[in-house]
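**Student:** Let me give you the structure first, and then I'll get to my questions.
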Amino acid sequence: MAKKNLFNLPDNEVQQWKSFNDGINEYHFHHLNSCKHLFTHPERNENYTLYFTFSHHVFTRSIKENENVDPAKIYPYPSDERAFDANRFKLSKHLPDIVQTLPNQFCYHGGYSRYCSCKISQEDGSDIFYQVVYRVWKERGKMRFHIESAYPLQESLGKVKKVNFWVICHNLLRGKKLPQPAK
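Note that the numbering used here gives residue 173 to position 143 of the sequence shown, counting from 1, and the numbers run on in steps of one.
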């Protein structure tokens, strides 16, 4: 499950995931260790230090009703039993680059006060529509981005309204209301 904390964050999100063995392979999650990145607004004289954490939902999937899953494939997270998903794990290796380049990503409302970014290019040049769902908040002076889930979409999103990453950061820093979806 979890290891020691890398940052003194005021919440209980996991900051370092332990390796997982499914009986065949050993999977390491170093790429999903909590991290912090400094972003500088391109027009305002503002810097934003963002602390990122990642949920186990980025490398697991829900278990369908009446699905028999090999117990060796169940990721050992006591309060939320889910099946390890090798494809999600492989895609999760893109997450460090995605969070470092969030200002360049297409961000949009994901509902429930969450934001999403999506679409990654593979080595062969093809695109995958990858839904990365994160929630943001500020607590004890630290600006937090928690990646709650990340999974491939079966088809492109269709029309969604863009949310400006810099507006999210500026409002979070200043304690202003975060961008809301259009009604």
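For each residue, glycine too, the CB sits at the ideal point set by N, CA and C. None of the values given here were measured: they were computed from a predicted structure.
Sort Glu97, Cys148, Ser151, Ser186 by Cα distance to Arg112 and report the nearest one.
**Tutor:** When each option's Cα is compared against that of Arg112, the closest is Glu97.
**Student:** Determine whether the Cβ of Gln210 lies closer than 8 Å to any Cβ atom of chain B.
**Tutor:** Checking the listed chains, one finds no chain B in this structure; it contains a single protein chain.
**Student:** Measure how close the beta-carbons of Val88 and Ser147 come, nearest whole angstrom, since I'm counting them as under 8 Å.
**Tutor:** Not quite, the Cβ-Cβ distance comes to about 13 Å (not below 8 Å), so this is no contact.
**Student:** Grab the span of the beta strand (DSSP E) containing Phe82 for me, first residue to last.
**Tutor:** 77-84 is the extent of the beta strand (DSSP E) around Phe82.
**Student:** Would you mind working out which of Phe159, Leu125, Arg204 sits nearest Glu169, comparing C-alpha positions?
**Tutor:** That would be Arg204, whose Cα lies nearest to the Cα of Glu169.
**Student:** Report yes if the CB atom of Phe69 is closer than 8 Å to the CB atom of Leu62, and no otherwise.
**Tutor:** No, they are not a contact pair.
**Student:** Kindly indicate which residue of Gln210, Ser151, Tyr57 has the alpha-carbon position closest to the one of Tyr105.
**Tutor:** For the residues Gln210, Ser151, Tyr57, the minimum Cα distance to Tyr105 belongs to Tyr57.
**Student:** Check the C-beta distance from Met173 over to Tyr78 and give it rounded, since I have them as a contact under 8 Å.
**Tutor:** The Cβ separation is near 6 Å, so the contact holds.
**Student:** Under 8 Å between the Cβ atoms of Pro182 and Leu125?
**Tutor:** No. Outside cutoff.
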